[in-house]
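*Asks:*
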Amino acid sequence: MDERILKYFQNELTVAERLEFLREAERDETLKRQFVEYQNIRALAHLSSYGEDREEGKKKYKQFAGRIRRINGYRWTVRIMKYAAVFAIVILSAYWLAERQVTDTFRKKLMAETNVLYAPVGQRARVTLQDGSVVWLNAQSTLTYPSSFLGSERRVTLKGEGYFEVAPDSEKPFIVSASQGVEMKVLGTKFNVYSYPETGIVRTCLLEGSVQVSCEGISSKGVILEPNQQVTVRNGKMIVGKIKHPAALLWKDGIYSFDNETLENIVRQLELYYNVEIHITNPALAKVRYTCKFRQRDGIEEIIHIIQKIHHFKIKIDKDKNTITLS
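In my numbering, the protein residues as written are 3 to 329.
(1) Spatial neighbours of R128 within its chain, please: C-beta separation below 6 Å, excluding the five flanking residues on both sides.
(2) Got a sec? Which residues, its chain only, sit under 8 Å from E279 by beta carbon, not counting five neighbours each side?
(3) Measure the Cβ-Cβ separation of K174 and F151 and say whether it is below 8 Å.
(4) Let me make sure I understand the geometry here. Which of K254, N267 and Q271 has the alpha-carbon closest to that of P285?
(5) Between K254 and R126, which are expected to be in contact by the criterion C-beta below 8 Å, what is the C-beta distance as a whole number of angstroms?
(6) In the DSSP assignment, find the alpha helix (DSSP H) that holds R299 and state where it starts and stops.
(7) For A169, which residues in the same chain have their Cβ closer than 7 Å to its Cβ, ignoring the five residues on either side in sequence?
(8) How is the alpha helix (DSSP H) around I337 delimited, first residue to last?
(9) Of the choices E263, V242 and G301, whose alpha-carbon is the least far from that of A250?
(10) Tell me the DSSP bridge mates of A127?
(11) Rounding to the nearest angstrom, what Cα-Cα distance links G224 and K311 in this structure?
(12) Strictly by DSSP, which residues pair up with H342?
(13) Relative to the C-alpha of V215, which residue among K289, S329, S197 and V184 is closest?
(14) Can you check whether the CB of K187 is closer than 8 Å to the CB of V158?
(15) In whole angstroms, what separates the C-alpha of A45 from that of P148?
(16) DSSP on F315, reduced to helix/strand/coil?
(17) I'd like the span of the alpha helix (DSSP H) that includes N1, first residue to last.
(18) Could you name the residues that DSSP lists as bridge partners for V235?
(19) Quick check: the Cα distance between E303 and I317, rounded to an integer number of angstroms?
(20) Under a three-way DSSP split, which group does Y52 fall into?
(21) Could you compute how far the alpha carbon of G153 sits from the alpha carbon of F176?
(22) Can you list, in chain order, the residues of its chain with a C-beta nearer than 7 Å to that of Q142? Leave out the 5 residues immediately preceding and following it.
(23) Measuring alpha carbon to alpha carbon, tell me which of T206, Q232, G211 and N237 ends up nearest I220.
(24) Tell me the residue span of the beta strand (DSSP E) that contains G164.
(25) From Q271 to E115, what distance separates their C-alpha atoms?
(26) Name the one or two DSSP bridge partners that I257 has.
(27) With a Cβ-Cβ cutoff of 8 Å, do L209 and E228 count as a contact?
(28) Taking the alpha-carbon of Y165 as reference, which of T206, P199 and T201 has the nearest alpha-carbon?
(29) I305 to N140, Cα distance in whole Å?
(30) Over the uninterrupted beta strand (DSSP E) stretch that includes Y196, give me the two end residues.
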């Protein structure tokens, strides 16, 4: 007999183990038969008083099984089989009712248990979800996700920037909810979502597979991206095109990459990553373009000094006010 049957009736299985056991019993006829048989034995042999004693339970099980084998005669066999059939019906009904109650109760409980992962300033984070999907978070980003995906979908919420490698599951789509009512729906793929609320844009870049991007008030069906495509949602519009700068996704490896970007745009990104205010007092300096890469661990001051070497300007750092001024 499967040892989990005893553990089940002695409440020694965790919530997840109970659910997995019941689902396996539903698929496995042998395990289901053992489960029902033990239920019958508990009822017929009045084993409920020994519910907390595993060894006693095993002993009674063997005694009862031996007693059945020693019973001879058609009349007693038929009588026992009648009782067993009645108990089997009752126990089966109880089993399916219990399975349904356990499934509904614990599904609600587990789905109500949410986790929040936050990547601090100047750092990144990585998490493997219950379904095997892997998510990287950029600095100052937050991912909210359930402890277990037990419903008809796998839904998470992103604030900031995240890179997703979604485990395939054709029957349970993976949905990312971002700012501005934007949602990404996939079955199994690799994609990046840029969704810092302060920027006013949501950009999804697809590397592998396919992803459907929709937005409230713009398109009910949304757009379906192909690999190496991106869609940007801004000011109530969705713009689809090719990924302009693939190296920008190297942030998950700890590298910030910019390609022919103005200093103004670069510092706006750095402000998000390092939670600092950067002021450019010289309008001409703000329009100077740079192509460069930085290591995340270098920190904001080191990055600013590296940029200064490319095109000279003055730097003033006020740590009390958490500001940097470029002139």
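Note that the Cβ used here is the ideal one computed from N, Cα and C, for glycine as well. It should be emphasised that the depicted structure is a prediction, and the values quoted were computed from it without experimental measurement.
*Replies:* Let's see:
(1) Locating residue 128 in the sequence shown gives position 126, where the first residue counts as 1. Within the same chain, R128 has close Cβ partners W138.
(2) The residue given as residue 279 occupies position 277 in the sequence shown. The beta carbon of E279 sits closer than 8 Å to those of E273, K323, N324, T325 and I326, all from its chain and outside the five residues before and after it, given in chain order.
(3) Translated into positions along the sequence shown, residue 174 becomes position 172. Translated into positions along the sequence shown, residue 151 becomes position 149. At a Cβ-Cβ threshold of 8 Å, K174 and F151 count as neighbours.
(4) Against the sequence shown, residue 285 aligns to sequence position 283. Ranking the options by Cα distance to P285, first place goes to N267.
(5) Here residue 254 refers to the residue found at position 252 of the sequence shown. Here residue 126 refers to the residue found at position 124 of the sequence shown. 7 Å between Cβ atoms; contact.
(6) Position 297 of the sequence shown, counted from the first residue, corresponds to residue 299. Annotation: R299 is outside any alpha helix (DSSP H) and is labelled neither H nor E by DSSP.
(7) As a working note, residue 169 is residue 167 in the sequence shown. Around A169: D133, G134, S135 and G190.
(8) Absent from the model: residue 337. The displayed extent of the chain is 3 to 329, so no value can be given.
(9) In the sequence shown, counting from the first residue as 1, residue 250 sits at position 248. Of E263, V242 and G301, the residue nearest in Cα terms is E263.
(10) Taking the sequence shown and counting its residues from 1, the one referred to as residue 127 is at position 125. Looking at the DSSP assignment, A127 forms a beta bridge with L139.
(11) Here residue 224 is taken as the residue at index 222 of the sequence shown, counted from 1. Here residue 311 is taken as the residue at index 309 of the sequence shown, counted from 1. Here the alpha carbons of K311 and G224 stand approximately 44 Å from one another.
(12) Coverage of the chain is limited to positions 3 through 329, which leaves residue 342 absent and any answer about it impossible.
(13) Locating residue 215 in the sequence shown gives position 213, counting from the first residue. Residue V184 is the option with its Cα nearest to V215.
(14) Against the sequence shown, residue 158 aligns to sequence position 156. Against the sequence shown, residue 187 aligns to sequence position 185. At the C-beta level, V158 and K187 stay beyond 8 Å of one another.
(15) Position 43 of the sequence shown, counting from 1, holds the residue named residue 45. Position 146 of the sequence shown, counting from 1, holds the residue named residue 148. Annotation note: pLDDT 46 at A45 (below 50); position unreliable, coordinate value reported separately. Distance between the alpha carbons of A45 and P148 is about 39 Å.
(16) Mapped onto the sequence shown, residue 315 falls at position 313. In this structure, F315 counts as coil in the three-state DSSP scheme.
(17) The structure shown does not extend to residue 1, since the chain spans only 3 to 329, so no value can be given for it.
(18) By one-based count along the sequence shown, residue 235 stands at place 233. In the DSSP output, where bridge partners are listed per residue, V235 has V204 and M240.
(19) For the purposes of this step, residue 303 is identified with residue 301 of the sequence shown, where counting begins at 1. For the purposes of this step, residue 317 is identified with residue 315 of the sequence shown, where counting begins at 1. Rounded to the nearest angstrom, the two C-alpha atoms are 10 Å apart.
(20) Locating residue 52 in the sequence shown gives position 50, where the first residue counts as 1. Caution is warranted here: a pLDDT of 37 is assigned to Y52, below 50, making its placement in the model unreliable, and the coordinate value is therefore given only provisionally. Y52 sits in a helix when the DSSP states are folded into three classes.
(21) Here residue 153 is taken as the residue at index 151 of the sequence shown, counted from 1. Here residue 176 is taken as the residue at index 174 of the sequence shown, counted from 1. Spanning the two alpha carbons is a distance of roughly 11 Å.
(22) Numbered from its first residue, the sequence shown carries residue 142 at position 140. Answer for Q142: A121, V123, G162, L274, Y275 and N277, listed in chain order.
(23) Mapped onto the sequence shown, residue 220 falls at position 218. Residue nearest to I220 within the set T206, Q232, G211 and N237 is N237 (criterion: CA-CA distance).
(24) To locate residue 164, count along the sequence shown from 1; it is residue 162. Residues R156 to E167.
(25) As a position in the sequence shown, residue 271 is number 269, starting the count at 1. As a position in the sequence shown, residue 115 is number 113, starting the count at 1. Cα to Cα, Q271 sits roughly 33 Å from E115.
(26) Looking up residue 257 in the sequence shown gives position 255. Looking at the DSSP output, I257 bridges to R297.
(27) Numbered from 1 along the sequence shown, position 207 holds the residue referred to as residue 209. Numbered from 1 along the sequence shown, position 226 holds the residue referred to as residue 228. Not in contact: L209 and E228 (Cβ atoms no closer than 8 Å).
(28) For the purposes of this step, residue 165 is taken as the residue at position 163 of the sequence shown. The closest CA to that of Y165, considering only T206, P199 and T201, is found on T206.
(29) Within the sequence shown, numbered from 1, the residue matching residue 305 stands at position 303. Within the sequence shown, numbered from 1, the residue matching residue 140 stands at position 138. Going by the C-alpha atoms only, they are around 17 Å apart.
(30) Sequence index remark: in the sequence shown, residue 196 carries index 194 (1-based). Start and end: K192 to S197.
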